[in-house]
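Numbered according to my numbering, the sequence shown spans residues 137 to 286. Yeah, the Cβ is synthetic: ideal placement off N, Cα and C, and Gly gets one too. For reference, the structure discussed in these notes is given below.
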Amino acid sequence: MKFVIQRVNSASVKVDGNVIGSIGKGYLILFGAGEGDTEDMLVPFADKICKMRIFADENGKTNLSINDVGGEMLIVSQFTLYADCRKGNRPSFVHACEPDLANELYEKFVALCRERVAKVETGEFGADMKVSLENDGPFTIVLDSRDFKL
Numbered sequence: 137m138k139f140v141i142q143r144v145n146s147a148s149v150k151v152d153g154n155v156i157g158s159i160g161k162g163y164l165i166l167f168g169a170g171e172g173d174t175e176d177m178l179v180p181f182a183d184k185i186c187k188m189r190i191f192a193d194e195n196g197k198t199n200l201s202i203n204d205v206g207g208e209m210l211i212v213s214q215f216t217l218y219a220d221c222r223k224g225n226r227p228s229f230v231h232a233c234e235p236d237l238a239n240e241l242y243e244k245f246v247a248l249c250r251e252r253v254a255k256v257e258t259g260e261f262g263a264d265m266k267v268s269l270e271n272d273g274p275f276t277i278v279l280d281s282r283d284f285k286l
C-alpha cells in the first residue's frame, strides 16, 4: 500500500462538478493498493497515520496529532500511485491491485480511520475526481508498505 499524506488547511473532491467530500484543517490522504497488499496491513497504517505528530504545538514544534488539533481527513483512492515509469514514456500500472480488492481495502481503511478521527470524508472509488487543496507548509509524508515490517 502507498499513502501520500498532505497536511492541509482545506481540501475537497468533486465528481461530475459536485462536491462529494470536503474538509477543513487535517489530512488529504491519497490511498493506493498494490499487488500483495492485504487487509492485515490496514490497522497498523491507520494507527500510524492517526497518531503521526505533524501539527505544530504552541512552540511551533511538530508535536501534535490530527486528533490533538481536531483535524479532519479526506481519503481519495488513487491507483496511479503504482505507476511504473521505468520503461518508455507511458506509465504501466501492472503492480496496482485489481480493482475489486483495491476498493475493498480502501473501504476498510476508511472505516478504520472513521473509528479514530471525528470527521472522515471520501472520494468515489474509480471515478474521475477533481481534488482541490490548500497545502499547509507544504507538509507531505509518503508511506509505502514495502518500507515497513507489518
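Tell me, which residues are paired with residue i by DSSP?
i	result
residue 279	139
residue 232	170
residue 256	209
residue 145	For residue 145, which the question treats as bridged, DSSP gives no partner whatsoever.
residue 271	144
residue 266	150
Could you confirm whether any beta carbon from chain D is found closer than 8 Å to the beta carbon of residue i?
i	result
residue 236	Judged by its chain identifiers, the structure shown contains no chain D, having just a single protein chain.
Would you grab the beta carbon distance between residue i and residue j for me? Rounded to a whole angstrom, and I think it's under 8 Å.
i	j	result
residue 248	residue 139	That pair is no contact at about 12 Å.
residue 277	residue 190	7 Å
residue 281	residue 183	Not confirmed; about 14 Å, so no contact.
residue 147	residue 269	4 Å
residue 267	residue 149	5 Å
Can you tell which of the options has the C-alpha that lies nearest to the C-alpha of residue i?
i	options	result
residue 164	186, 285, 179, 223	186
residue 241	178, 151, 216	178
residue 151	181, 285, 263, 244	263
residue 239	175, 206, 162, 148	175
residue 214	173, 284, 169	169
residue 205	147, 161, 218	161
residue 244	149, 167, 223, 153	167
residue 131	237, 221, 180	It is not possible to answer for residue 131, since the shown part of the chain is limited to 137 through 286.
residue 236	149, 171, 153	171
residue 188	200, 255, 196, 234	200
Is there at least one non-hydrogen atom of the ligand ADP closer than 7 Å to the beta-carbon of residue i?
i	result
residue 169	As for the ligand ADP, it is missing from this structure, which has no ligand bound.
Quick check: the region 143-152 against the region 269-278, are at least 3 beta-carbon pairs closer than 8 Å? At 8 Å Cβ cutoff, the stretches touch.
With three or more beta-carbon pairs closer than 8 Å as the criterion, would you say the region 216-231 touches the region 152-161? No: the two stretches stay apart, fewer than three of their Cβ pairs being nearer than 8 Å.
Mind the definition here: the region 207-226 touches the region 253-267 only if three or more C-beta pairs lie below 8 Å; say whether that holds. A contact exists between the region 207-226 and the region 253-267.
Can you list, in chain order, the stretches of the alpha helix (DSSP H) that have 4 or more residues and sit fully within the region 148-224? Whole alpha helix (DSSP H) segments, 4+ residues: 178-187.
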